[in-house]
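Peer 1: Residue numbers (the working numbering): 100 to 466. Even for Gly, the Cβ is constructed at its ideal location relative to N, Cα and C. Predicted model, so just to flag it, every value in this text is computed and none were measured. The structure is given below, and queries will be raised subsequently.
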(Lines of atoms letter the chains of each structure in order from A and count residues from 1; the text may use other names and numbers.)
(Lines give C-alpha, C1' and ligand atoms only; values in the text may rest on other atoms or scores of the structure.)
Protein backbone atom coordinates (compact mmCIF):
# COMPACT_ATOMS: atom_id res chain seq x y z
CA UNK A 1 0.00 0.00 0.00
CA UNK A 2 1.27 3.42 -0.94
CA UNK A 3 -0.44 6.82 -0.94
CA UNK A 4 0.08 10.56 -0.53
CA UNK A 5 -2.27 13.16 0.95
CA UNK A 6 -2.13 16.68 2.33
CA UNK A 7 -1.25 16.78 6.01
CA UNK A 8 -4.09 19.19 6.87
CA UNK A 9 -6.72 16.75 5.58
CA UNK A 10 -5.54 14.12 8.05
CA UNK A 11 -5.58 16.22 11.22
CA UNK A 12 -9.28 16.07 12.16
CA UNK A 13 -9.82 12.44 11.08
CA UNK A 14 -6.88 11.28 13.18
CA UNK A 15 -8.02 13.37 16.16
CA UNK A 16 -11.42 11.69 16.05
CA UNK A 17 -9.99 8.23 15.50
CA UNK A 18 -7.62 8.46 18.46
CA UNK A 19 -10.58 9.43 20.63
CA UNK A 20 -12.26 6.14 19.76
CA UNK A 21 -9.14 4.00 20.12
CA UNK A 22 -8.39 3.12 23.74
CA UNK A 23 -4.93 3.54 25.24
CA UNK A 24 -5.13 0.29 27.22
CA UNK A 25 -6.16 -2.65 25.08
CA UNK A 26 -6.39 -6.38 25.67
CA UNK A 27 -5.96 -6.83 21.90
CA UNK A 28 -2.88 -5.15 20.42
CA UNK A 29 -4.59 -4.52 17.08
CA UNK A 30 -7.17 -2.28 18.78
CA UNK A 31 -4.41 0.28 19.37
CA UNK A 32 -4.17 0.57 15.60
CA UNK A 33 -6.45 2.02 12.96
CA UNK A 34 -7.38 0.13 9.83
CA UNK A 35 -6.33 1.94 6.64
CA UNK A 36 -7.75 0.97 3.25
CA UNK A 37 -6.41 2.66 0.09
CA UNK A 38 -8.35 2.04 -3.09
CA UNK A 39 -9.14 4.05 -6.22
CA UNK A 40 -8.14 7.45 -4.89
CA UNK A 41 -10.11 6.95 -1.67
CA UNK A 42 -8.69 6.41 1.80
CA UNK A 43 -10.81 4.73 4.45
CA UNK A 44 -9.81 4.86 8.12
CA UNK A 45 -11.44 2.74 10.81
CA UNK A 46 -10.89 2.86 14.57
CA UNK A 47 -12.69 0.83 17.23
CA UNK A 48 -12.63 -0.26 20.87
CA UNK A 49 -15.31 -2.93 20.21
CA UNK A 50 -17.99 -0.65 21.70
CA UNK A 51 -17.63 2.36 19.40
CA UNK A 52 -16.44 2.27 15.79
CA UNK A 53 -15.58 5.28 13.61
CA UNK A 54 -15.30 4.96 9.82
CA UNK A 55 -13.93 7.91 7.81
CA UNK A 56 -13.59 8.18 4.02
CA UNK A 57 -11.32 10.74 2.37
CA UNK A 58 -11.51 11.21 -1.39
CA UNK A 59 -8.89 12.73 -3.66
CA UNK A 60 -5.84 10.94 -2.25
CA UNK A 61 -2.98 9.98 -4.55
CA UNK A 62 -3.08 6.19 -4.24
CA UNK A 63 -0.20 4.66 -6.21
CA UNK A 64 -0.55 1.18 -4.70
CA UNK A 65 -3.82 -0.11 -3.32
CA UNK A 66 -3.85 -2.13 -0.13
CA UNK A 67 -4.95 -2.57 3.47
CA UNK A 68 -2.99 -2.30 6.71
CA UNK A 69 -3.28 -1.35 10.37
CA UNK A 70 -1.11 1.48 11.72
CA UNK A 71 -0.60 2.55 15.38
CA UNK A 72 -3.23 5.25 15.88
CA UNK A 73 -1.65 7.63 18.37
CA UNK A 74 1.83 7.43 16.89
CA UNK A 75 0.48 8.18 13.42
CA UNK A 76 -1.58 11.10 14.76
CA UNK A 77 1.39 12.55 16.67
CA UNK A 78 3.68 12.23 13.64
CA UNK A 79 1.23 13.88 11.24
CA UNK A 80 0.48 16.67 13.72
CA UNK A 81 4.22 17.38 14.07
CA UNK A 82 4.53 18.23 10.38
CA UNK A 83 4.07 21.82 9.24
CA UNK A 84 0.86 23.06 7.67
CA UNK A 85 0.41 22.56 3.93
CA UNK A 86 2.93 19.72 3.50
CA UNK A 87 2.27 16.38 1.83
CA UNK A 88 2.40 13.16 3.84
CA UNK A 89 3.60 10.01 2.08
CA UNK A 90 2.71 6.62 3.55
CA UNK A 91 4.04 3.27 2.39
CA UNK A 92 3.33 -0.12 3.93
CA UNK A 93 5.58 -3.06 3.21
CA UNK A 94 4.70 -6.19 5.14
CA UNK A 95 4.69 -5.35 8.84
CA UNK A 96 6.50 -2.03 8.39
CA UNK A 97 4.93 1.37 7.74
CA UNK A 98 7.10 4.19 6.40
CA UNK A 99 5.88 7.78 6.81
CA UNK A 100 7.69 10.57 4.99
CA UNK A 101 7.30 14.31 4.66
CA UNK A 102 10.07 16.63 3.51
CA UNK A 103 13.27 15.45 5.15
CA UNK A 104 11.47 13.49 7.88
CA UNK A 105 11.13 9.72 7.86
CA UNK A 106 9.40 7.47 10.41
CA UNK A 107 9.24 3.68 10.56
CA UNK A 108 6.34 2.06 12.43
CA UNK A 109 5.36 -1.54 13.04
CA UNK A 110 2.07 -2.66 11.50
CA UNK A 111 -0.21 -5.55 12.38
CA UNK A 112 -2.17 -7.74 9.93
CA UNK A 113 -5.36 -6.14 8.65
CA UNK A 114 -7.07 -9.52 8.85
CA UNK A 115 -6.86 -9.32 12.66
CA UNK A 116 -8.75 -6.02 12.81
CA UNK A 117 -12.35 -6.52 14.08
CA UNK A 118 -15.25 -4.86 12.27
CA UNK A 119 -18.75 -4.31 13.59
CA UNK A 120 -21.43 -6.53 12.11
CA UNK A 121 -24.23 -4.80 10.24
CA UNK A 122 -27.82 -5.58 11.16
CA UNK A 123 -31.27 -4.50 10.08
CA UNK A 124 -32.20 -0.93 11.00
CA UNK A 125 -35.69 -0.25 12.34
CA UNK A 126 -35.46 3.54 12.70
CA UNK A 127 -33.77 6.17 10.53
CA UNK A 128 -34.00 9.94 10.19
CA UNK A 129 -32.11 13.07 9.17
CA UNK A 130 -31.70 16.08 11.42
CA UNK A 131 -29.88 19.39 11.42
CA UNK A 132 -26.38 18.85 12.81
CA UNK A 133 -26.57 21.85 15.17
CA UNK A 134 -29.96 20.75 16.51
CA UNK A 135 -28.72 17.23 17.24
CA UNK A 136 -25.58 18.52 18.92
CA UNK A 137 -27.72 20.77 21.11
CA UNK A 138 -29.97 17.87 22.07
CA UNK A 139 -26.98 15.86 23.24
CA UNK A 140 -24.85 18.65 24.71
CA UNK A 141 -27.65 20.00 26.90
CA UNK A 142 -28.17 16.69 28.74
CA UNK A 143 -24.80 14.87 28.56
CA UNK A 144 -23.47 16.47 31.76
CA UNK A 145 -26.16 14.66 33.79
CA UNK A 146 -24.99 11.16 32.84
CA UNK A 147 -23.67 9.01 35.67
CA UNK A 148 -20.02 7.96 35.78
CA UNK A 149 -19.16 4.34 36.59
CA UNK A 150 -22.45 3.81 38.42
CA UNK A 151 -23.32 0.22 39.33
CA UNK A 152 -26.69 0.97 37.73
CA UNK A 153 -25.09 0.66 34.30
CA UNK A 154 -28.14 2.01 32.48
CA UNK A 155 -27.45 5.43 34.05
CA UNK A 156 -23.97 5.58 32.48
CA UNK A 157 -25.43 6.79 29.21
CA UNK A 158 -28.08 8.90 27.52
CA UNK A 159 -31.60 7.93 26.52
CA UNK A 160 -32.61 8.80 22.96
CA UNK A 161 -36.35 8.59 22.41
CA UNK A 162 -37.79 9.15 18.97
CA UNK A 163 -41.21 9.01 17.35
CA UNK A 164 -42.67 10.43 14.16
CA UNK A 165 -42.87 13.94 15.59
CA UNK A 166 -40.28 14.39 18.33
CA UNK A 167 -36.73 13.55 19.28
CA UNK A 168 -35.94 13.57 22.99
CA UNK A 169 -32.71 13.10 24.95
CA UNK A 170 -32.65 12.33 28.67
CA UNK A 171 -29.83 11.74 31.17
CA UNK A 172 -29.78 11.27 34.93
CA UNK A 173 -27.33 10.20 37.63
CA UNK A 174 -29.97 9.74 40.31
CA UNK A 175 -29.43 13.21 41.81
CA UNK A 176 -30.42 15.32 38.81
CA UNK A 177 -32.17 14.85 35.49
CA UNK A 178 -31.87 16.64 32.14
CA UNK A 179 -34.39 16.37 29.31
CA UNK A 180 -34.51 18.16 25.96
CA UNK A 181 -37.16 17.72 23.26
CA UNK A 182 -37.12 18.88 19.63
CA UNK A 183 -39.55 18.48 16.74
CA UNK A 184 -38.16 16.28 13.97
CA UNK A 185 -39.75 15.13 10.71
CA UNK A 186 -39.30 12.08 8.51
CA UNK A 187 -38.70 9.43 11.17
CA UNK A 188 -39.30 5.89 9.89
CA UNK A 189 -40.58 4.43 13.16
CA UNK A 190 -43.56 4.94 15.45
CA UNK A 191 -41.47 5.04 18.62
CA UNK A 192 -38.03 3.89 19.67
CA UNK A 193 -36.10 4.44 22.90
CA UNK A 194 -32.45 3.39 23.26
CA UNK A 195 -29.59 4.06 25.70
CA UNK A 196 -26.31 5.23 24.18
CA UNK A 197 -23.28 4.51 26.42
CA UNK A 198 -21.24 7.37 27.83
CA UNK A 199 -18.32 7.00 25.42
CA UNK A 200 -20.68 6.80 22.45
CA UNK A 201 -22.28 10.07 23.57
CA UNK A 202 -18.90 11.78 23.93
CA UNK A 203 -17.76 10.68 20.47
CA UNK A 204 -21.07 11.76 18.93
CA UNK A 205 -20.49 15.25 20.31
CA UNK A 206 -16.97 15.33 18.86
CA UNK A 207 -18.22 14.22 15.46
CA UNK A 208 -20.97 16.85 15.45
CA UNK A 209 -18.42 19.67 15.76
CA UNK A 210 -17.92 19.66 11.97
CA UNK A 211 -19.21 22.10 9.38
CA UNK A 212 -21.79 19.90 7.62
CA UNK A 213 -25.43 20.92 7.89
CA UNK A 214 -27.15 17.54 8.09
CA UNK A 215 -26.67 14.43 10.18
CA UNK A 216 -28.18 10.99 9.55
CA UNK A 217 -29.11 8.64 12.39
CA UNK A 218 -29.86 4.94 12.04
CA UNK A 219 -30.96 2.81 14.99
CA UNK A 220 -30.87 -0.97 14.95
CA UNK A 221 -31.62 -3.61 17.54
CA UNK A 222 -28.29 -3.26 19.32
CA UNK A 223 -26.57 -0.25 17.75
CA UNK A 224 -26.89 3.39 16.76
CA UNK A 225 -25.09 4.86 13.76
CA UNK A 226 -24.47 8.57 13.20
CA UNK A 227 -23.26 9.78 9.80
CA UNK A 228 -22.06 13.31 9.14
CA UNK A 229 -20.64 13.82 5.65
CA UNK A 230 -18.11 11.02 5.05
CA UNK A 231 -17.73 10.29 8.78
CA UNK A 232 -19.77 7.43 10.25
CA UNK A 233 -19.83 6.53 13.96
CA UNK A 234 -21.42 3.31 15.20
CA UNK A 235 -21.93 2.64 18.90
CA UNK A 236 -23.36 -0.34 20.70
CA UNK A 237 -26.41 0.32 22.86
CA UNK A 238 -26.77 -0.32 26.58
CA UNK A 239 -28.91 -3.39 27.20
CA UNK A 240 -31.00 -2.13 30.08
CA UNK A 241 -34.16 -0.32 31.12
CA UNK A 242 -33.89 3.44 31.57
CA UNK A 243 -35.79 4.84 34.59
CA UNK A 244 -39.30 6.18 34.08
CA UNK A 245 -38.15 9.79 33.87
CA UNK A 246 -41.69 11.17 33.66
CA UNK A 247 -42.20 10.15 37.30
CA UNK A 248 -39.08 12.10 38.32
CA UNK A 249 -40.36 15.40 36.92
CA UNK A 250 -42.23 17.12 39.77
CA UNK A 251 -45.80 18.27 39.20
CA UNK A 252 -47.93 20.88 40.90
CA UNK A 253 -45.06 23.05 42.14
CA UNK A 254 -46.40 26.06 44.02
CA UNK A 255 -43.50 28.53 43.91
CA UNK A 256 -41.59 30.04 41.01
CA UNK A 257 -38.77 32.56 40.72
CA UNK A 258 -37.14 34.11 37.65
CA UNK A 259 -33.53 35.30 37.67
CA UNK A 260 -31.00 36.62 35.20
CA UNK A 261 -29.15 33.51 34.05
CA UNK A 262 -25.73 35.12 33.52
CA UNK A 263 -25.86 37.05 36.80
CA UNK A 264 -26.85 33.96 38.78
CA UNK A 265 -24.18 31.86 37.10
CA UNK A 266 -21.50 34.43 37.93
CA UNK A 267 -22.71 34.75 41.53
CA UNK A 268 -22.62 30.98 42.03
CA UNK A 269 -19.10 30.87 40.64
CA UNK A 270 -17.96 33.36 43.27
CA UNK A 271 -19.86 31.89 46.21
CA UNK A 272 -18.74 28.36 45.34
CA UNK A 273 -15.15 29.31 46.12
CA UNK A 274 -15.91 28.92 49.83
CA UNK A 275 -18.32 25.99 49.61
CA UNK A 276 -17.52 22.63 51.17
CA UNK A 277 -15.07 20.98 48.74
CA UNK A 278 -16.64 17.55 49.25
CA UNK A 279 -20.37 18.28 49.29
CA UNK A 280 -20.41 21.56 47.30
CA UNK A 281 -23.54 22.82 49.03
CA UNK A 282 -25.00 26.33 48.70
CA UNK A 283 -28.12 27.74 50.33
CA UNK A 284 -30.77 29.69 48.40
CA UNK A 285 -32.68 32.11 50.66
CA UNK A 286 -35.64 33.14 48.54
CA UNK A 287 -37.56 36.26 49.51
CA UNK A 288 -39.87 38.61 47.60
CA UNK A 289 -37.82 40.21 44.79
CA UNK A 290 -34.54 38.97 46.29
CA UNK A 291 -32.34 35.87 46.30
CA UNK A 292 -29.52 35.47 48.82
CA UNK A 293 -26.99 32.76 47.92
CA UNK A 294 -24.80 31.52 50.79
CA UNK A 295 -21.95 29.03 51.16
CA UNK A 296 -19.68 28.00 54.01
CA UNK A 297 -17.03 25.37 54.69
CA UNK A 298 -15.57 23.45 57.67
CA UNK A 299 -12.94 26.19 58.13
CA UNK A 300 -15.81 28.50 59.17
CA UNK A 301 -15.37 30.63 56.06
CA UNK A 302 -18.44 32.09 54.41
CA UNK A 303 -19.55 33.72 51.17
CA UNK A 304 -22.83 35.31 50.20
CA UNK A 305 -24.29 37.25 47.32
CA UNK A 306 -27.64 38.95 46.76
CA UNK A 307 -29.47 39.07 43.42
CA UNK A 308 -32.64 40.78 42.29
CA UNK A 309 -35.27 38.29 41.11
CA UNK A 310 -38.92 38.08 40.13
CA UNK A 311 -40.66 36.38 43.05
CA UNK A 312 -43.73 37.30 45.08
CA UNK A 313 -44.24 34.26 47.30
CA UNK A 314 -43.37 33.64 50.94
CA UNK A 315 -39.78 33.24 52.15
CA UNK A 316 -38.16 29.82 51.81
CA UNK A 317 -34.67 28.30 52.05
CA UNK A 318 -33.37 25.49 49.81
CA UNK A 319 -29.97 23.82 49.60
CA UNK A 320 -28.41 22.67 46.33
CA UNK A 321 -25.19 21.17 45.05
CA UNK A 322 -23.71 24.26 43.39
CA UNK A 323 -22.11 22.20 40.63
CA UNK A 324 -25.48 20.83 39.56
CA UNK A 325 -26.97 24.32 39.23
CA UNK A 326 -23.88 25.62 37.41
CA UNK A 327 -24.09 22.77 34.91
CA UNK A 328 -27.70 23.65 34.10
CA UNK A 329 -27.02 27.38 33.76
CA UNK A 330 -24.09 26.59 31.46
CA UNK A 331 -26.26 24.86 28.84
CA UNK A 332 -29.58 26.63 29.29
CA UNK A 333 -30.47 29.07 26.54
CA UNK A 334 -32.04 32.49 26.91
CA UNK A 335 -31.27 35.43 29.20
CA UNK A 336 -33.49 34.31 32.09
CA UNK A 337 -33.93 31.13 34.11
CA UNK A 338 -36.99 29.95 36.02
CA UNK A 339 -36.83 27.86 39.21
CA UNK A 340 -40.05 26.02 40.10
CA UNK A 341 -40.28 24.46 43.56
CA UNK A 342 -42.53 23.93 46.57
CA UNK A 343 -40.33 23.70 49.66
CA UNK A 344 -36.87 22.73 50.91
CA UNK A 345 -37.67 19.00 50.79
CA UNK A 346 -38.78 18.68 47.19
CA UNK A 347 -36.92 18.71 43.89
CA UNK A 348 -36.66 21.91 41.88
CA UNK A 349 -37.58 22.10 38.20
CA UNK A 350 -35.36 24.48 36.23
CA UNK A 351 -36.10 25.77 32.73
CA UNK A 352 -35.61 28.76 30.51
CA UNK A 353 -38.09 31.50 31.36
CA UNK A 354 -39.19 31.78 27.72
CA UNK A 355 -38.64 28.23 26.42
CA UNK A 356 -40.07 24.81 27.18
CA UNK A 357 -37.82 22.52 25.12
CA UNK A 358 -35.39 21.83 27.98
CA UNK A 359 -36.28 20.74 31.52
CA UNK A 360 -33.90 20.08 34.41
CA UNK A 361 -34.69 18.51 37.77
CA UNK A 362 -32.29 18.91 40.71
CA UNK A 363 -32.74 17.28 44.10
CA UNK A 364 -32.25 19.51 47.16
CA UNK A 365 -29.49 19.13 49.77
CA UNK A 366 -29.77 19.23 53.53
CA UNK A 367 -27.43 21.94 54.83
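If I'm right that residue 419 touches residue 387 with Cβ under 8 Å, what's the distance once you round it to whole angstroms?
Peer 2: Between residue 387 and residue 419 the Cβ distance is about 20 Å, and since that is not below 8 Å, they are no contact.
Peer 1: Just to confirm the assignment, what range does the beta strand (DSSP E) spanning residue 314 have?
Peer 2: 313–319
Peer 1: For residue 278, list the residues DSSP reports as bridge partners.
Peer 2: 269 and 458
Peer 1: Should the region 448–455 be called in touch with the region 362–373, which here means at least 3 C-beta pairs below 8 Å?
Peer 2: Short answer: they don't touch.
Peer 1: Pull up the distance between the alpha-carbon of residue 151 and that of residue 333, whole angstroms please.
Peer 2: 5 Å
Peer 1: Between the region 165–175 and the region 250–265, do three or more beta carbon pairs fall short of 8 Å?
Peer 2: no
Peer 1: From the DSSP output, in three-state form, read off residue 142 for me.
Peer 2: strand
Peer 1: Check whether the region 318–327 touches the region 285–299, taking contact to mean three or more Cβ pairs, one atom from each stretch, closer than 8 Å.
Peer 2: yes
Peer 1: Quick one: grab the DSSP three-state call for residue 192.
Peer 2: strand
Peer 1: For residue 178 and residue 102, which I take to be in contact (beta-carbon distance under 8 Å), what is that distance rounded to the nearest angstrom?
Peer 2: Incorrect: roughly 13 Å between the Cβ atoms, too far for contact.
Peer 1: Given a threshold of 16 other Cβ atoms within 10 Å of its Cβ, counted over all protein chains shown, does residue 310 qualify as buried or as exposed?
Peer 2: exposed
Peer 1: Are there 16 or more other CB atoms within 10 angstroms of the CB of residue 121, so buried, or fewer, so exposed?
Peer 2: Under this definition residue 121 is a buried residue.
Peer 1: Relative to the C-alpha of residue 216, which candidate in 378, 331, 417 and 133 has its C-alpha closest?
Peer 2: 133
Peer 1: By alpha-carbon positions, which one of 426, 465 and 382 ends up nearest to residue 276?
Peer 2: 426
Peer 1: CB residue 273 to CB residue 254, shorter than 8 Å?
Peer 2: yes
Peer 1: I'd like the list of long-range same chain contacts for residue 313, defined as Cβ closer than 7 Å, with 5 residues on each side in sequence excluded.
Peer 2: Cβ within range, chain order: 228, 230 and 231.
Peer 1: How would you label residue 204, buried or exposed, when you count the other beta carbons within 10 angstroms and need 16 or more for buried?
Peer 2: exposed
Peer 1: Is residue 407 near residue 373, with beta carbons less than 8 Å apart?
Peer 2: no
Peer 1: Quick check on the DSSP output: what are the complete beta strand (DSSP E) runs of length 3 or more inside the region 327–370, in order along the chain?
Peer 2: 330–335 and 354–359
Peer 1: What three-state label does DSSP hand residue 159 in the structure shown?
Peer 2: coil
Peer 1: Which partner residues does residue 301 have in the DSSP bridge list?
Peer 2: Note: residue 301 sits in no beta bridge, so no partner.
Peer 1: Reducing DSSP to helix, strand and coil, say where residue 200 ends up.
Peer 2: strand
Peer 1: Just how far apart, CA to CA, sit residue 335 and residue 321?
Peer 2: 6 Å
Peer 1: If we ignore side chains and look at the alpha-carbon of each, how far apart do residue 141 and residue 198 end up?
Peer 2: Approximately 15 Å, taken between the alpha carbons.
Peer 1: Is residue 171 closer than 8 Å to residue 130 when the C-beta atoms are compared?
Peer 2: yes
Peer 1: If I follow the unbroken beta strand (DSSP E) through residue 223, where does it start and stop?
Peer 2: 223–230
Peer 1: Based on Cα-Cα distance, which residue from 109, 104 and 114 lies nearest to residue 305?
Peer 2: 114
Peer 1: Measuring CB to CB, does residue 412 end up less than 8 Å from residue 466?
Peer 2: no
Peer 1: Check for me: the beta strand (DSSP E) holding residue 173 runs from which residue to which?
Peer 2: Taken as a continuous stretch (DSSP letters only), residue 173 belongs to no beta strand (DSSP E), being part of the alpha helix (DSSP H) at 171–180.
Peer 1: What are the boundary residues of the alpha helix (DSSP H) that residue 117 is part of?
Peer 2: 106–119
Peer 1: Nearest to residue 391 by CA position, among 351, 398 and 415, is which residue?
Peer 2: Answer by Cα proximity: 415.
Peer 1: Taking C-beta to C-beta, are residue 206 and residue 127 nearer than 8 Å?
Peer 2: The Cβ-Cβ distance between residue 206 and residue 127 does not fall below 8 Å.
Peer 1: Thinking residue 235 and residue 307 are a contact (beta carbons under 8 Å), I'd like their distance in whole angstroms, please.
Peer 2: Contact between residue 235 and residue 307 holds: their C-beta atoms lie close to 4 Å from each other, under 8 Å.
Peer 1: Distance, Cα to Cα, residue 156 vs residue 106?
Peer 2: 12 Å
Peer 1: Could you give the distance in angstroms between the alpha-carbon of residue 439 and the alpha-carbon of residue 353?
Peer 2: 7 Å
Peer 1: Check residue 214 in the structure and name its three-state DSSP category.
Peer 2: helix
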